[in-house]
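Structure first, then comments.
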């Protein structure tokens, strides 16, 4: 089982869109796949039209394995399941801090899933907290979407600094540019600058109004608009990432 | 969308329109949207003894895959690529996979053969919640037997498979279905499978060689013997098709056992039949048995293929394919010859006549068959007693050297006793007959091993004598030498074990068991 966290300190950079699209492609090409929605806003759950059961909450999530298993729901797409988030996840950090070895909690809680899934995606909330650290420990790849702007670059640097300061394995981090608008010079310059930087994937995701419309379709782009430029870009991104994973 | 959870099946009454169920009933409880229509052809396989079914599975080929599915839910347990559509196959020759392991765990000797092909016409619908999220798949399936398209579909049913995480929601819909008894009823896939098999005249689990006749202890022995003979003939007849199609070696084996049992009934129940009439039939059955001896021997060698490889060191194994190719060629020839005989008028006429004889209810003349009117119990007790005493007497006379002929003869005595116990098992209390059979079985196993090894050594010796010398043949001769040495050692091991095994049988405890059996009041 390979675990991929969609993570960024910054919000609105396309974490959920990437998690939804890549998990769909993963289920299509290398099934079976699970997407864990860790964001209390529940955007990826929303994209898949899934609501958590009334009895499911952060407490159950922290109990792990069996409780997680029984709350996983099938999406409308073959071999792709989702563990929905609940609004109670907003307190996940506080609850996590009360646990023993909180940083290893997520990894331990998902152990049993390795029999069922080949890929697990985490759609993470935008912050840098104890939950994020637990995600870092549980993930094989920390995939960071970035808009090619100075602020995004700054948050990326903050993340790598944090890894260095806390002696974490920064070789897990993979960054890529999203919402790329080629007509903007700054976008072009930043991409050029980081093209060959270590840990950066070469494939970029163009700004595409269809990505924004995913909220209307409530489905992955490759399922509804496979010919859109963004859908093609996600396919290439997944290809690049899996090649990268094979070499890891 | 993983739909591998427990589904429900709702069989629609023949006079109910599926559209009615779909439009009125379902629409009132949930939202459905058309998903797809597809056609599939399923070819079902099982062994003659329904070993997949008995283990709770169905085996079928769909598209280019062989699938093992749960009998009750039809959920797939495993599958493997399967391009061809053979009439029969042995699981051990499937490529290494879970499927092979599973099927081999059901049987290591029986072949799986084609039962029938059905066509499925499936219209699927998504069942959705208020968010238009799919929570289950509803399929309307119309099943027909392939190549009988002109007939109406065999059956029509809905199946509902919940998606993971939506069992509860689907369960509520299932309850609505279950309440509409006038439109159809809820059932599981096993029942659908049985109705398919019934439509193609397959009697599921309808075959057994176990004598389970519930004989009447007070009925004239002639009547009981006729029932036993009817049973053995039916076993023979049921195995003929399988022998012809060469599905597996068990068909011939069961056929031969039925012949031996037939002869045993006639010969061991003295004074029950008119000898003027039965002699001719006995001779025929004897010849029929002989006709299959060699073919059965070859079957056994082919079954022991792996064991022979195991007996030899690696460097003596390479010539073995030559040996087995030779056996296979002889087998093909003999099989063809025997099948020709099975189809001959002399065989069919004989069987028709015999069938007529064993259905005769009128008892034969008392002067020709003086014991025919005796009660079943009297004759059973008497003949078992005699056969048991014979085994004890002959066993005690086996010399210290335990010669081949002594052991061969004792084996036949034991077999006769065993047959009698099996014939009349239903008139004795089960708690007295089972331990007796168990004791006898151990002795039979020892003698069976001895004779088997002896026969194999002799067979190999004969083959060796006709081998020409030089080249590959010399290597084969070395391998056969190795095999004979191993088999001979095993034969001698069995011989050495004999006296100890017989002592355990010829013991007060066994004697008491036989005494209890023969003095017990019949249970039925």
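Chains as they are written, first to last, in this note's numbering: chain A, -4 to 243; chain B, 7 to 530.
In this text, a Cβ means the ideal position worked out from N, Cα and C, and glycines have one as well.
| Item | Value |
| --- | --- |
| Could you tell me how far apart the beta carbons of residue 198 of chain A and residue 171 of chain A are, in whole angstroms, since I believe they sit closer than 8 Å? | 6 Å |
| Under three-state DSSP, which class holds residue 463 of chain B? | helix |
| Determine, using beta carbons only, whether residue 413 of chain B and residue 504 of chain B come nearer to each other than 8 Å. | yes |
| In the DSSP assignment, find the beta strand (DSSP E) that holds residue 170 of chain A and state where it starts and stops. | 168 to 172 |
| Among residues of its own chain, excluding the 5 on either side of residue 429 of chain B, which ones have a beta-carbon nearer than 7 Å to its beta-carbon? | 217, 234, 271 |
| Which runs of the beta strand (DSSP E), 3 residues or longer, sit entirely within the stretch 39 to 100 of chain B? | 63 to 68, 71 to 76, 82 to 87 |
| To the nearest angstrom, report how far apart residue 136 of chain A and residue 130 of chain A are at their CA atoms. | 10 Å |
| Where does residue 320 of chain B land, buried or exposed, given buried means 16+ other C-beta within 10 angstroms? | exposed |
| Report the CB separation of residue 302 of chain B from residue 262 of chain B in whole angstroms; it is logged as a contact under 8 Å. | 6 Å |
| Please tell me whether residue 131 of chain B and residue 41 of chain B are closer than 8 Å, where the distance is taken between their beta carbons. | yes |
| Take residue 85 of chain B as the anchor and find which of B:63, B:92, B:400 has the nearest alpha-carbon. | B:63 |
| If you measure between the beta carbons of residue 54 of chain B and residue 295 of chain B, is that distance less than 8 Å? | no |
| Kindly indicate which three-state DSSP category residue 208 of chain B falls into: helix, strand or coil? | coil |
| Less than 8 Å between the C-beta atoms of residue 117 of chain A and residue 226 of chain A, yes or no? | no |
| According to DSSP, simplified to helix, strand and coil, what is residue 97 of chain A? | helix |
| Residues in the stretch 187 to 220 of chain A with C-beta within 9 Å of chain B's C-beta atoms, listed in sequence order? | 213 |
| Taking only the alpha-carbon atoms, compute the straight-line gap between residue 125 of chain B and residue 45 of chain B and give it to the nearest angstrom. | 7 Å |
| Looking at the C-beta of residue 8 of chain B, does it have a partner C-beta in chain A at a distance below 8 Å? | Its pLDDT being 49, under 50, residue 8 of chain B is placed unreliably by the model, and the measurement read from it follows with that caveat. At least one chain A Cβ lies under 8 Å of residue 8 of chain B. |
| Since I believe residue 198 of chain B is in contact with residue 163 of chain B (beta carbons under 8 Å), could you give me their beta-carbon distance rounded to a whole number of angstroms? | 7 Å |
| Mapping DSSP to helix, strand and coil, what is residue 163 of chain B? | strand |
| Quick check on the burial criterion: 16 or more other C-beta atoms within 10 angstroms. Buried or exposed for residue 472 of chain B? | exposed |
| Is it true that the CB of residue 340 of chain B sits closer than 8 Å to the CB of residue 304 of chain B? | yes |
| Start and end of the beta strand (DSSP E) containing residue 140 of chain A? | 136 to 141 |
| For residue 45 of chain A and residue 64 of chain A, I'd like the C-alpha separation in whole angstroms. | 16 Å |
| What runs of the beta strand (DSSP E), each 3 residues or longer, lie entirely inside the stretch 306 to 342 of chain B? | none |
| For residue 51 of chain A, I'd like the list of residues in its chain whose CB is within less than 6 Å of its CB, leaving aside the five on either flank, ordered along the chain. | 66, 81 |
| Relative to the alpha-carbon of residue 91 of chain B, which residue among B:121, B:104, B:114 has its alpha-carbon at the smallest distance? | B:121 |
| At which residues does the alpha helix (DSSP H) containing residue 238 of chain B begin and terminate? | 227 to 251 |
| Given that residue 140 of chain B touches chain A, what residues does it touch there, using C-beta distances under 7 Å? | 71 |
| Is residue 131 of chain B helix, strand or coil by DSSP? | strand |
| State the Cα-Cα distance for the pair residue 8 of chain B and residue 110 of chain A, rounded to the nearest angstrom. | Confidence in residue 8 of chain B is poor, its pLDDT being 49 and thus under 50, which makes the residue's placement unreliable; the coordinate value appears in the next sentence. About 15 Å. |
| Count the other CB atoms within 10 Å of the CB of residue 518 of chain B; is the residue buried (16 or more) or exposed (fewer)? | exposed |
| From this set, B:97, B:103, B:116, which residue's C-alpha is nearest residue 109 of chain B's C-alpha? | B:97 |
| Is the CB of residue 89 of chain A under 8 Å away from at least one CB in chain B? | no |
| Hey, does residue 45 of chain A have any beta-carbon neighbour from chain B nearer than 8 Å? | yes |
| Rounded to a whole number of angstroms, what is the C-alpha to C-alpha distance between residue 508 of chain B and residue 423 of chain B? | 15 Å |
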